[in-house]
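Using the UniProt record's numbering, read the sequence shown as starting at 1 and increasing by one per residue.
Contents: one structure, followed by commentary.
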Amino acid sequence: MEQLIQQSDSQPSVNGLQQQTETGSFSIAQFPSDFGLTKSIRRQLRKNEVSATTKHKSVLPDLHEGEVKKLLGAMKSEEALLRSREELRQISKQLLTIQENERQRIAADLHDGIGQSLSLIKLSLESVMQQVVTGERREAVRSLQQLSHKVKETMAELHRTTMDMRPAMLDDLGIIPTLSWFFREFESAWHDRKVEKDVSIAESDVPVPLKATIFRILQEAMNNIVKHARADSIHVSLKRTGDILQLSIADNGRGFDLSAASARRGSDRGFGLFTMKERARSSGGSFEMQSALESGTRILVSWRFANHTDGEFSDRSGRARNLSNV
Ligand SMILES: Nc1ncnc2c1ncn2[C@@H]1O[C@H](COP(=O)(O)OP(=O)(O)OP(=O)(O)O)[C@@H](O)[C@H]1O
Ligand SMILES: [Mg+2]
């Protein structure tokens, strides 16, 4: 009976209950009214509580076997509920931290990139005004030409930052042109990494809400490859086989120890893997990751169509999800 439940803090547990009844500190009040105890168990416990506090006896032995079972059943469901509530709390805490970090990163990008460029443009404009006032026409024209170039660069930077937040292309043109654009940008930034692409789907194979999810997962997986993998070859595939839509990203890099990475805590722990998993899970998909030291890493995300109508997927448990609500 004692091994059945291990519970912490102020919540009732069988261990705690036994100890409390032995020391006479047991109180029925510790069971919340919605705890699931039947009236008769409550009555019995209350009766035993009085005798236990006076005689230092256990509360439990006086209950019938069926009642003890019910009590344990109620404790177990409460325990499971508390655990899933705690998990949910942890997940939403992590999501908030991710959101906060993302905001900080965007703020830093805007401040250091576009903010600095605008300050420089303002200074240059002031100096052009000075040149106009003092009649240095030729210098003023040259400065204005440089300024025009600087404004163009800043516009490109703004474009890059907004693309990073949400590529407008995804909404305007769809996932396939966005992926082509992404691979082009990636290859032009990282010449030494060969990307083999196998995107054999039609635009209509991907429900609208999944497009951003796929793009974000790919973006983080590719960032991780650049940051950590030391790979020279990457294979990306996005295909639909029957009722399964599958995204796979594999590299031939140095790989890593998955359990060691997930055991990291605090500032040492990144958010990318967690976010990819959460994106996959919350869109009704399944997420798998394999990694072997010196052989590389592979991420596989799959979504199952509940039927062949666009927008309907089911998760692994077979529950249908309408992706337009995700
Ligand atoms: N493709 C990969 N190859 C080798 N190691 C990887 C790869 N992807 C992830 N890792 C390892 O897993 C760890 C966790 O990755 P994760 O994306 O969660 O965090 P991060 O990239 O360190 O930080 P963040 O994503 O928050 O900027 C990394 O620190 C790295 O050690
Ligand atoms: Mg990362």
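We put the CB at the ideal spot given by N, CA and C, even for glycine.
Source: prediction; values computed, not measured.
To the nearest angstrom, how far is it from the Cα of E100 to the Cα of V208? Taking the straight line from one Cα to the other gives about 26 Å.
Kindly examine ligand 2 and report whether one of its heavy atoms sits closer than 7 Å to the Cβ of G270. Inclusion of G270 in the 7 Å shell around ligand 2 follows from its C-beta lying nearer than that to a non-hydrogen atom of the ligand.
Rounded straight-line distance, which links the Cα of I217 to that of D310: Interpretation of D310 is limited by its pLDDT of 47, a score under 50 that renders its predicted location unreliable; the figure taken from the coordinates is listed afterwards. Using only the alpha carbons, I get a separation of about 21 Å.
The segment 113 to 129 / the segment 151 to 167 touching (three or more Cβ pairs under 8 Å): The segment 113 to 129, when compared against the segment 151 to 167, does touch it at the 8 Å Cβ threshold.
Quick check: does the Cβ of E220 come within less than 7 Å of any heavy atom belonging to ligand 2? Correct: E220 has its Cβ closer than 7 Å to ligand 2.
Among R265, K150, S259 and N223, whose alpha-carbon lies nearest the alpha-carbon of E185? Distance check between E185 and each of R265, K150, S259 and N223 places N223 closest, using alpha-carbon atoms only.
Three or more beta-carbon pairs under 8 Å between the segment 226 to 240 and the segment 179 to 198, yes or no? The segment 179 to 198 and the segment 226 to 240 touch, with three or more beta-carbon pairs separated by less than 8 Å.
Reducing DSSP to helix, strand and coil, say where L293 ends up. The answer is coil: DSSP assigns L293 none of H, G, I, E or B.
What does a CB cutoff of less than 7 Å around V226 pick up in its chain, not counting 5 residues either side in sequence? Only W190 meet the Cβ criterion.
Contact under 8 Å by Cβ, K150 with L179: The answer is no: Cβ separation not under 8 Å.
Beta-carbon within less than 7 Å of R279's beta-carbon, same chain only, minus the 5 sequence neighbours each way: which residues are those? Only T213, R216 and I217 meet the Cβ criterion.
Starting from H159, trace the alpha helix (DSSP H) in both directions and tell me its first and last residue. Run containing H159: R137 to M165, per the alpha helix (DSSP H) assignment.
Whose C-beta lies closer than 8 Å to the C-beta of E187 among residues of the same chain, with five residues either side of it excluded? When the five nearest sequence neighbours on each side are left out, the beta carbons in the same chain lying within less than 8 Å of the beta carbon of E187 are those of R193 and V195, in order along the chain.
Quick check for students: name the residue ranges of the alpha helix (DSSP H) that lie wholly in the segment 179 to 239, counting only runs of 4 or more. The alpha helix (DSSP H) runs lying completely inside the segment 179 to 239 and spanning 4 residues or more are 208 to 224, given in chain order.
Name the DSSP bridge partner or partners of D251? Per DSSP, I234 and T297.
Kindly examine ligand 2 and report whether one of its heavy atoms sits closer than 7 Å to the Cβ of K227. In this structure, ligand 2 has a non-hydrogen atom nearer than 7 Å to the beta-carbon of K227.
Could you tell me which residues DSSP puts in a beta bridge with residue 363? The structure shown does not extend to residue 363, since the chain is modelled only from 1 to 326, so the question has no answer here.
May I ask you to verify whether the segment 253 to 268 touches the segment 287 to 302, counting CB pairs closer than 8 Å and requiring at least 3? Segment contact: the segment 253 to 268 against the segment 287 to 302, three or more CB-CB distances shorter than 8 Å; contact assigned.
Backbone secondary structure at T134 - three-state DSSP: T134: coil per DSSP, three-state reduction.
Whole-angstrom Cβ separation of S143 and S117, contact assumed at under 8 Å? Not a contact, Cβ separation roughly 16 Å.
Outcome for L125 when other beta-carbon atoms lying within 10 angstroms are tallied against a minimum of 16: With fewer than 16 Cβ atoms within 10 Å of its Cβ, L125 is classed as exposed.
Could you give the first and the last residue of the continuous alpha helix (DSSP H) run that contains S259? Where S259 is concerned, the enclosing alpha helix (DSSP H) stretches over L258 to A263.
Below 8 Å CB to CB, which residues in the same chain sit around T161 once its five sequence neighbours on both sides are set aside? If we look at T161 and ignore the five residues flanking it on each side, its Cβ neighbours are I106, D109, L110, G113 and I114.
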